[in-house]
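Participant: Here you go, one structure.
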Amino acid sequence: MKSTRRKFLQASVISSAAVLTGGQALAGSIVQPRPATNGSIVISTWDFGRAANAAAWSILERKGRALDAVEAGVRVPEADPSNQSVGYGGLPDRDGRVTLDACIMDEFYNCGSVMALEHITHAISVARLVMEKTPHIVLAGDGALQFALANGFKKENLLTPESEKAWKEWLKRSRYEPAINVENQLFRKENSSYPGGAENHDTIGMVALDASGNLSGACTTSGLAYKIHGRVGDSPIIGAGLYVDNEVGAATSTGVGEEVIRIVGSHLVVELMRQGHSPEAACKMAVQRIIKRSPEKSKNIQVGFLALNKKGEYGAYALQKGFTYAVKSSKTELVKPSKSIYG
Ligand code: SD4
């Protein structure tokens, strides 16, 4: 009787430990707690993140890997011609060329990136191949295109008639005014003819936590409209537009990339979470760092950060009102306005 009860107790210790460890074998009696196996969550930038999250969720709900989920997720806006800041249909540079920036990062600090890639809709999948098939992290320009073509991608024309029309309209004044999603009425009034200006379209950054408790992230964009040919923003730069540290959390950014690069924004957010700050507080502190450097300039540009920690807690913060983000888990599906410093 006694020995049966002991066996039962031993069995329950092992099975509850197995739950805690996600089913992995135990070493001695030390239990390493890991997040519950049903805690998958995906978050992404802007309203259109909702459709992207749905694609990511179809992988996460089957206990798939966060890396696969974020790649599948951001491919949705990449293929959507109505989204003029990502992939196919993205607004071109000032020479009329659509150049894409993207990066991806997994739970082992593996990462891959493409910069100024032309003619390929799914820049994120090329970035993943750079990560998985080369000893490098970044491929840029012609080299990135050659690599994509050598790996079976087909050359496409990414400039849609709508984006070409917007570019031709812009050429009439040719003024470079990178005003992204600034919900500033005065700015809107003064710049109403700036195509692709104060609209709710932007980079997609996505981070996810999977059923095994692992984090990954992806970020993809056509970058700032009418940029100088060859300009690269924060989005494909590991640590700036995206960072994942599987011990702590993951973060991504959107907005004027130059300001994000200067503070290595996404890495900063992750390090602030490591110090114990919540995702929202970490994002706010990164935004404040941008303001500290350029208090006047920061009033007329947009930058937003979005973060997820290892426990599945998330948060965002932006310079300006108007930044939204989408969340999907087994309990929630929503699009939320981010808090902001101004407005
Ligand atoms: C960049 N962060 O290239 C991007 C801009 C963006 O759509 O978010 N654009 O600077």
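Numbering (the numbering used here), first residue to last: 1063 to 1405. From the three backbone atoms N, C-alpha and C, an ideal C-beta is built for every residue, glycine too. Quick caveat, the model's predicted, so the values are computed rather than measured.
Give me the residue from 1151, 1111, 1166 and 1102 with the minimum Cα distance to residue 1129.
Facilitator: Start at 1 with the first residue of the sequence shown, and residue 1129 comes out as number 67. Comparing Cα-Cα distances from residue 1129 to each of 1151, 1111, 1166 and 1102, the minimum goes to 1166.
Participant: Buried or exposed: residue 1137, going by 16 or more other Cβ atoms within 10 Å of its Cβ?
Facilitator: To locate residue 1137, count along the sequence shown from 1; it is residue 75. By the neighbour-count rule (16 or more Cβ atoms within 10 Å), residue 1137 is buried.
Participant: So residue 1380 is in the alpha helix (DSSP H); what residue range does that whole segment cover?
Facilitator: Looking up residue 1380 in the sequence shown gives position 318. Premise fails: residue 1380 lies in the beta strand (DSSP E), 1376-1382, not in any alpha helix (DSSP H).
Participant: Specify whether the segment 1145-1160 and the segment 1277-1284 touch according to this definition: at least 3 beta carbon pairs, one from each stretch, less than 8 Å apart.
Facilitator: yes
Participant: Can you tell me whether residue 1357 is buried or exposed, with buried defined as 16 or more other CB within 10 angstroms of its CB?
Facilitator: Walking along the sequence shown from the start, residue 1357 turns up at place 295. By the neighbour-count rule (16 or more Cβ atoms within 10 Å), residue 1357 is not buried but exposed.
Participant: Between 1388, 1275 and 1233, which has its C-alpha nearest residue 1157's C-alpha?
Facilitator: Working through the sequence shown from its first residue, we reach residue 1157 at position 95. Ranking 1388, 1275 and 1233 by Cα distance to residue 1157 puts 1233 first.
Participant: From which residue to which residue does the alpha helix (DSSP H) around residue 1271 run?
Facilitator: Against the sequence shown, residue 1271 aligns to sequence position 209. Not the alpha helix (DSSP H): residue 1271 falls in the beta strand (DSSP E), residues 1266-1271.
Participant: So, with DSSP's three-state summary, where would you put residue 1362?
Facilitator: For this step, residue 1362 is matched to residue 300 along the sequence shown. Looking at residue 1362 - three-state DSSP - the assignment turns out to be helix.
Participant: Under the criterion of a Cβ to heavy atom distance below 6 Å, does residue 1286 qualify as lining the ligand SD4?
Facilitator: Stepping through the sequence shown from its first residue, residue 1286 is reached at position 224. Flag set: Cβ of residue 1286 near the ligand SD4.
Participant: Along the chain, which unbroken stretches of the beta strand (DSSP E) at least 3 residues long are found entirely within the segment 1272-1330?
Facilitator: 1277-1283, 1304-1307 and 1311-1317
Participant: May I have the straight-line CA-CA distance separating residue 1212 from residue 1173, to the nearest angstrom?
Facilitator: Taking the sequence shown and counting its residues from 1, the one referred to as residue 1212 is at position 150. Taking the sequence shown and counting its residues from 1, the one referred to as residue 1173 is at position 111. Their backbone Cα atoms lie some 20 Å apart in a straight line.
Participant: Do three or more CB pairs link the segment 1185-1198 to the segment 1322-1338 at distances below 8 Å?
Facilitator: no
Participant: Take the Cβ of residue 1379 as the centre, count every other Cβ of all protein chains shown within 10 Å, and call the residue buried at 16 or more, exposed below.
Facilitator: Walking along the sequence shown from the start, residue 1379 turns up at place 317. With 16 or more Cβ atoms within 10 Å of its Cβ, residue 1379 is classed as buried.
Participant: Using a Cβ cut-off of 7 Å (strictly closer), state whether residue 1336 contacts chain E.
Facilitator: The structure shown contains no chain E, having only a single protein chain.
Participant: Ignore the nearest five residues each way along the sequence and tell me which others in residue 1183's own chain have a CB closer than 8 Å to its CB.
Facilitator: One-based indexing of the sequence shown puts residue 1183 at position 121. The residues are 1140, 1141, 1149, 1150, 1218 and 1220.
Participant: Given that a residue counts as buried once 16 or more other Cβ atoms are within 10 Å of its Cβ, and exposed if not, what is residue 1341?
Facilitator: Indexing the sequence shown from 1 puts residue 1341 at position 279. With 16 or more other Cβ atoms within 10 Å, it is buried.
Participant: Here's the rule: buried if 16 or more other CB atoms are within 10 angstroms of the residue's CB, otherwise exposed. What is residue 1235?
Facilitator: Along the sequence shown, one-based indexing puts residue 1235 at 173. The residue in question, residue 1235, is exposed, as its Cβ has fewer than 16 Cβ neighbours within 10 Å.
Participant: Which one or two residues does DSSP pair with residue 1399 in a beta bridge?
Facilitator: Working through the sequence shown from its first residue, we reach residue 1399 at position 337. Looking at the DSSP assignment, residue 1399 forms a beta bridge with 1386.
Participant: How many Å lie between residue 1076 and residue 1169 at the Cα?
Facilitator: Position 14 of the sequence shown, counted from the first residue, corresponds to residue 1076. Position 107 of the sequence shown, counted from the first residue, corresponds to residue 1169. Any reading at residue 1076 must be qualified, since the residue scores a pLDDT of 34, below 50, and its modelled position is unreliable; no value is offered.
Participant: Is DSSP giving residue 1179 helix, strand or coil here?
Facilitator: Residue numbering aside, residue 1179 sits at position 117 when the sequence shown is read from its first letter. Strand, per DSSP.
Participant: Taking only runs that begin and end inside the segment 1197-1230, name each unbroken beta strand (DSSP E) of 3 or more residues, in chain order.
Facilitator: 1200-1202
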